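Numbering (my numbering), first residue to last: 15 to 74.
The following block contains the structure:
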């Protein structure tokens with residue numbers, strides 16, 4: 015475990031979002047993002063955010 019405080023911060027972030035009515039979360043941790051910076055994407059529906067299905071361009 016590299017940094018326990020980082021893990022605690024992630025848990026707090028997830029708890030806060032789920033407690034505010036968010037039903038699904040896709041968490042992507044990126045070392046190139048500035049510390050403390052987050053990005054949220056809203057998606058109306060139940061398919062995966064950012065997937066080909068969500069974007070409406072899935073060739074079946």
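By construction, the Cβ of each residue, glycine as well, lies at the ideal position given by its N, Cα and C atoms. Computed from a predicted structure; not experimentally measured.
DSSP-derived helix/strand/coil call for residue i
{"i": "residue 38", "result": "coil"}
{"i": "residue 17", "result": "coil"}
{"i": "residue 28", "result": "helix"}
{"i": "residue 51", "result": "coil"}
{"i": "residue 64", "result": "coil"}
{"i": "residue 70", "result": "coil"}
Nearest to residue i (by Cα), restricted to the options the options
{"i": "residue 28", "options": "53, 45, 51 and 41", "result": "41"}
Straight-line Cα distance separating residue j from residue i
{"i": "residue 19", "j": "residue 73", "result": "43 Å"}
{"i": "residue 23", "j": "residue 55", "result": "20 Å"}
{"i": "residue 35", "j": "residue 45", "result": "28 Å"}
Cβ separation of residue i and residue j, assumed to be a contact under 8 Å, to the nearest whole Å
{"i": "residue 31", "j": "residue 39", "result": "6 Å"}
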